[in-house]
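Taking it in order: structure first as structure tokens, then the write-up.
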Amino acid sequence: MTVTKDAQGAIEQPVQLTDRRHDTPIHYLSLCLSPIYGSERKYLVLVELFEHLKLQGVEYFYIYVRELDDYSQMLLEDYIREGQAEVTSLSIRHEFIFCPQIVAATVRPISLYGALMQARNGYTRNQGISGLLAQESSPF
44 MTVTKDAQGA
54 IEQPVQLTDR
64 RHDTPIHYLS
74 LCLSPIYGSE
84 RKYLVLVELF
94 EHLKLQGVEY
104 FYIYVRELDD
114 YSQMLLEDYI
124 REGQAEVTSL
134 SIRHEFIFCP
144 QIVAATVRPI
154 SLYGALMQAR
164 NGYTRNQGIS
174 GLLAQESSPF
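The sequence shown lines up with residues 44 to 183 when you count with my numbering.
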């Protein structure tokens, strides 16, 4: 949709529209991963999660990243290169004292809406890695 100054004005296309109507979905099952933030290394958890889910039938991954260590970033770039993932970089314009609860409250809805809008798939699963990271650092 666009607005012109008069009825005969030139129409500008400000936003490229994507036709998401498909007879058959491109991917049967995809996964939308909750936002990743924090400077801890996550590459081992990510590889374990992705490869385990690929065995369960997940064909494509939607990943939202706030901040990530270099090695984990290289890992995600490899999945992108193979056509198995799409990474969205999140930025918060106003910096504040880092508090995981505040960051989670601001970026979690973005990934949820992104998962709901992925109409190219038959089914989209929404999951986080925070439980896996907590288990990894647990003394038990």
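The beta carbon of each residue, even a glycine, is placed where N, CA and C say it ideally should be.
Exercise. Give the secondary structure of Gln127 by DSSP, where H, G and I count as helix, E and B as strand, and everything else as coil.
Key: Working through the sequence shown from its first residue, we reach residue 127 at position 84. Of the three classes helix, strand and coil, the one that applies to Gln127 here is coil, per DSSP.
Quiz item: Tyr86 lies in the beta strand (DSSP E); which residues open and close that run?
Solution: In the sequence shown, the residue the question calls residue 86 occupies position 43. Here Tyr86 belongs to no beta strand (DSSP E); instead the alpha helix (DSSP H) covers Tyr86 to Leu98.
Quiz item: Does DSSP put Tyr80 in a helix, in a strand, or in coil?
Solution: On the sequence shown, residue 80 is found 37 positions in, with the first residue counted as 1. Reduced to three states, the DSSP call for Tyr80 is coil.
Quiz item: For Gly171, which residues from the same chain have a beta carbon less than 8 Å from its beta carbon, with the 5 sequence-adjacent residues on both sides left out?
Solution: Counted from its first residue, the sequence shown places residue 171 at position 128. Taken in chain order, the residues that qualify are Leu76 and Ser77.
Practice problem: Give the straight-line distance between the Cα atoms of Tyr122 and Ile54, rounded to the nearest whole angstrom. | Solution: Position 79 of the sequence shown, counted from the start, is the residue given in the question as residue 122. Position 11 of the sequence shown, counted from the start, is the residue given in the question as residue 54. The alpha-carbon atoms of Tyr122 and Ile54 are separated by roughly 39 Å.
Self-check item: Separation of Ile106 from Phe183, as counted between CA atoms
Solution: For the purposes of this step, residue 183 is taken as the residue at position 140 of the sequence shown. For the purposes of this step, residue 106 is taken as the residue at position 63 of the sequence shown. At Phe183 the pLDDT is 45, less than 50, meaning the model places this residue with poor confidence; the figure from the coordinates comes in the next sentence. For Phe183 and Ile106, the distance between alpha carbons rounds to 29 Å.
Practice problem: If I'm right that Glu102 touches Ser73 with Cβ under 8 Å, what's the distance once you round it to whole angstroms? | Solution: Mapped onto the sequence shown, residue 102 falls at position 59. Mapped onto the sequence shown, residue 73 falls at position 30. Correct: roughly 6 Å between the Cβ atoms.
Quiz prompt | Span of the beta strand (DSSP E) around Arg168 | solution = Position 125 of the sequence shown, counted from the start, is the residue given in the question as residue 168. For Arg168, the enclosing beta strand (DSSP E) stretches over residues Asn164 to Gln170.
Quiz item: Given that a residue counts as buried once 16 or more other Cβ atoms are within 10 Å of its Cβ, and exposed if not, what is Ser134?
Solution: Indexing the sequence shown from 1 puts residue 134 at position 91. Ser134 comes out exposed.
Self-check item: Whole-angstrom distance between Leu96 and Tyr156, CA atom to CA atom
Solution: Counting from one through the sequence shown, the residue named residue 156 turns up at place 113. Counting from one through the sequence shown, the residue named residue 96 turns up at place 53. Cα to Cα, the separation comes out at about 21 Å.
Exercise. Would you kindly work out how many angstroms separate the C-alpha atoms of Phe127 and Ser82, rounded to a whole number?
Key: Start at 1 with the first residue of the sequence shown, and residue 127 comes out as number 84. Start at 1 with the first residue of the sequence shown, and residue 82 comes out as number 39. In the sequence under discussion, the amino acid at residue 127 is Gln, which differs from the Phe named in the question. One C-alpha to the other measures close to 24 Å.
Quiz item: Helix, strand or coil: which one does DSSP assign to Ser115?
Solution: The residue labelled residue 115 in the question sits at position 72 within the sequence shown. Reduced to three states, the DSSP call for Ser115 is helix.
Quiz item: Below 8 Å between beta carbons: does that hold for Leu89 and Ser115?
Solution: Position 46 of the sequence shown, counted from the start, is the residue given in the question as residue 89. Position 72 of the sequence shown, counted from the start, is the residue given in the question as residue 115. Yes, the Cβ-Cβ distance between Leu89 and Ser115 is below 8 Å.
Quiz item: What number of angstroms, rounded off, separates the C-alpha of Leu118 from the C-alpha of Arg84?
Solution: As a working mapping, residue 118 is identified with position 75 in the sequence shown. As a working mapping, residue 84 is identified with position 41 in the sequence shown. Between Leu118 and Arg84, the C-alpha separation is close to 11 Å.
Quiz item: Among His70, Glu120, Thr47 and Tyr166, which one has its Cα closest to the Cα of Tyr86?
Solution: What you label residue 86 is simply residue 43 of the sequence shown in a count that begins at 1. That would be Glu120, whose Cα lies nearest to the Cα of Tyr86.
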